[in-house]
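If you count the sequence shown from 1, you need to add 4 to reach the working numbering.
Here a beta-carbon is modelled for each residue, glycine too, at the ideal position from N, C-alpha and C.
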Amino acid sequence: MSRKLNDQELVRLGKLNRLIESKQNPYEVTKVDNTHNSKTLKEQFDKYTKEELAEINLDKPITVSGRVMGIRRTFILIQDFYSEFQLYINKNKQPDVFKYFEEYLDLGDIVTATGKPMKTNTNELSLDIDSLKIISKSLRIPPEKFHGIADEEIRSRKRYLDLIHNEESRKRFIYRSKIITAMRQFFNEKGFLEVETPFLHSQIGGAAARPFITHYNALDRDYYLRIAPELPLKKIIVGGFDKIFEIGKCFRNEGMDSTHNPEFTSMETYVAYADYVYMMELTESIIKYVANAVDVKQTTFNDQTVDWTKAFKRIKMTDLIKQETGIDFTHVKSLEEALELANKHKVHVKEHEKTIGHITSLFFEEFCEKKLIEPTFVTHHPVEISPLSKLDYSDVRYTERFELFIFGREIANAFSELNDPIDQRQRFEKQLEEKQKGNDEASEMDEDFLEALENGLPPTGGLGIGIDRLVMMLTGTASIRDILIFPHLREE
5 MSRKLNDQEL VRLGKLNRLI ESKQNPYEVT KVDNTHNSKT LKEQFDKYTK
55 EELAEINLDK PITVSGRVMG IRRTFILIQD FYSEFQLYIN KNKQPDVFKY
105 FEEYLDLGDI VTATGKPMKT NTNELSLDID SLKIISKSLR IPPEKFHGIA
155 DEEIRSRKRY LDLIHNEESR KRFIYRSKII TAMRQFFNEK GFLEVETPFL
205 HSQIGGAAAR PFITHYNALD RDYYLRIAPE LPLKKIIVGG FDKIFEIGKC
255 FRNEGMDSTH NPEFTSMETY VAYADYVYMM ELTESIIKYV ANAVDVKQTT
305 FNDQTVDWTK AFKRIKMTDL IKQETGIDFT HVKSLEEALE LANKHKVHVK
355 EHEKTIGHIT SLFFEEFCEK KLIEPTFVTH HPVEISPLSK LDYSDVRYTE
405 RFELFIFGRE IANAFSELND PIDQRQRFEK QLEEKQKGND EASEMDEDFL
455 EALENGLPPT GGLGIGIDRL VMMLTGTASI RDILIFPHLR EE
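As structure tokens, this is what we get:
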């Protein structure tokens with residue numbers, strides 16, 4: 005090996021070399037025919053007494069495999085996907101097995117063993133083994149069992165160690181898989197069609213975010229990793245599909261913190277002939293369905309509890325701001341007045357944010373967002389911050405849009421989709437003006453999308469849910485890093 009080994013690692017390497025020399029190379033094993041795992045073994049045999057197990061005659065020996073987590077005299081504790089399980093070696097009856105165990109076995113090794121179920125004097129179900137074989141040698145020293153990996157950076161960077169030694173971490177990722185499976189099942193039951201759209205986009209669009217840029221050598225031009233699949237999905241609705249969804253990765257070239265990772269998983273769905281009110285009802289149904297599927301009724305985080313069975317609240321953004329600050333932005337008629345309010349309340353306004361709508365949104369973010377603990381739909385966002393949303397024609401300063409907040413964090417964004425191609429072009433032009441004023445998250449003019457709209461998009465409701473944040477909230481997890489198996493980390 006090229007890296008420098010410590011004394012314990014040299015001992016382990018020596019054991020491996022002796023195994024190879026004795027024609028017992030662990031890495032030559034290509035397949036193991038396990039008859040049971042820790043779960044099925046316990047389900048089948050834990051109900052018997054010690055005496056009953058001693059009398060049972062099996063058709064064939066039981067074979068199990070797993071990683072060695074503990075060694076104590078003649079007992080070996082192994083772990084598979086489901087749980088830990090104990091192996092027992094009777095050194096008087098199986099001297100060769102015991103000799104192999106003493107000479108070669110280390111913590112962290114992956115082994116396969118064959119034997120018969122038994123119970124110890126403490127009534128613990130075990131496997132009385134007559135054969136033991138190392139099928140992968142651990143050349144590194146595992147973390148100490150009872151303390152595990154305390155350093156969160158190491159846990160995230162070396163997730164494989166975290167998964168081996170941290171049962172809570174394993175449970176979180178099982179929950180994540182079940183949540184995504186349940187979401188797909190919800191849509192399948194409702195007759196939605198799952199579709200796939202490109203990861204490489206020739207233009208930025210679908211969300212306000214800075215993109216990752218890559219170069220397509222064959223075409224000799226730059227492409228963007230998608231920040232959202234929204235525009236291609238709406239083109240599919242133009243094409244005549246009425247209920248679609250997509251679950252997949254999106255990429256945003258922005259900072260990392262407890263709720264943001266540059267690569268994340270989202271679900272977007274579009275329903276023809278629906279509006280934002282229908283999408284609110286759909287959103288609540290999805291989340292309650294998923295919570296029920298993973299048997300989560302309540303989640304507690306930072307001493308605050310969310311009851312997933314209760315009805316979600318609904319409130320207009322301007323009403324919420326008025327409730328928290330006393331300011332009614334529906335009565336603010338001039339930019340000068342809005343800027344004065346921002347100055348008075350110490351709300352920083354960037355050059356491209358100098359509109360009443362942007363300042364309204366800034367007040368919401370500053371004074372309201374973090375207080376939305378229980379699931380709350382915040383509706384009717386200003387048109388200036390909603391370039392893809394249909395206008396609220398009862399007050400065209402606002403749009404038929406909502407965001408869902410839980411534990412003070414945005415979890416979903418949805419609206420009645422803007423299907424007027426003339427209005428959409430004007431909104432894109434406004435975005436270009438913002439880009440010139442320094443907004444590097446503004447959308448570009450997308451002529452191909454506008455052409456699709458000009459062919460006719462029916463009234464449509466659209467919704468996006470952040471899967472990572474939803475998993476965080478359902479599991480009460482503080483950091484997004486803990487629900488991503490391989491989160492992005494700064495270089496060591």
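Option nearest residue i by Cα separation, candidates the options
i    : options                   : result
N257 : M284, A117 and A211       : A211
E198 : T218, G252, Q48 and Y397  : G252
R413 : P462, M476 and D399       : M476
N96  : K123, N125 and I133       : I133
S206 : E448, L493 and V68        : E448
L136 : L14, D486 and Y92         : Y92
S87  : M73, T39, R22 and R77     : M73
G244 : G442, E357, L457 and G480 : L457
E378 : Q308, D424, M283 and K358 : Q308
E107 : E193, R16 and M187        : R16
N29  : I114, E357, N38 and V68   : I114
Y31  : K103, T116 and L62        : T116
Q12  : F89, L23, D399 and S142   : S142
T185 : V382, M271, E404 and F406 : M271
V353 : L422, I426, N443 and L376 : N443
Enclosing alpha helix (DSSP H) for residue i [first to last residue]
i    : result
S173 : E171 to E193
A456 : E451 to E458
S4   : One cannot answer for residue 4 here, as it falls past the ends of the chain, which runs 5 to 496.
D427 : P425 to Q440
E13  : D11 to E25
F49  : S42 to F49
D472 : I471 to T479
Beta strand (DSSP E) segment containing residue i, residue limits
i    : result
T380 : T380 to T383
D399 : Careful: D399 lies outside any beta strand (DSSP E) and carries neither H nor E.
N296 : Where N296 is concerned, there is no enclosing beta strand (DSSP E), although the alpha helix (DSSP H) it sits in stretches over Y280 to A297.
Cβ shell of residue i (< 6 Å), same chain only, five flanking positions each side left out
i    : result
T322 : F333 and T334
Y220 : Y227
K374 : G412
A416 : T287, L408 and I469
N41  : D84 and Y86
K54  : K123
K239 : A456
Contact set for residue i: own chain, Cβ-Cβ below 8 Å, skip 5 residues either direction
i    : result
F367 : I325, T329, I331, F333, L345, A346, H349 and V351
K292 : W312 and T313
E234 : G209, G210, A211, E272, L392, G466 and G468
Cβ separation of residue i and residue j, assumed to be a contact under 8 Å, to the nearest whole Å
i    : j    : result
S420 : G465 : 6 Å
I363 : A342 : 4 Å
D100 : K19  : Contact doesn't hold; Cβ gap of about 17 Å is too wide.
Q428 : L436 : Rounded, the Cβ-Cβ distance is 13 Å, inconsistent with contact.
I183 : V294 : 5 Å
Residues of its chain near residue i, where Cβ-Cβ distance is below 7 Å and the 5 sequence neighbours each way are ignored
i    : result
K439 : A446
F196 : K247, I248, F249 and T273
R163 : I489 and F490
V300 : W312 and L478
N459 : V242
D50  : L129
Fill in: Within the segment 230-278, ranges of the alpha helix (DSSP H) (whole runs, at least 4 residues)
Runs of the alpha helix (DSSP H) inside the segment 230-278: 234-242.
Worksheet entry | Ranges of the beta strand (DSSP E) found wholly within the segment 60-147, counting only runs of at least 3 | Counting only runs that start and end inside the segment 60-147, the beta strand (DSSP E) elements of at least 3 residues fall at 66-76, 79-83, 88-92, 114-123 and 129-140.
Discussion item. If we require 4 or more residues per run, which alpha helix (DSSP H) segments fall completely within the segment 316-368?
Written reply: Correct list: 321-329 and 339-348.
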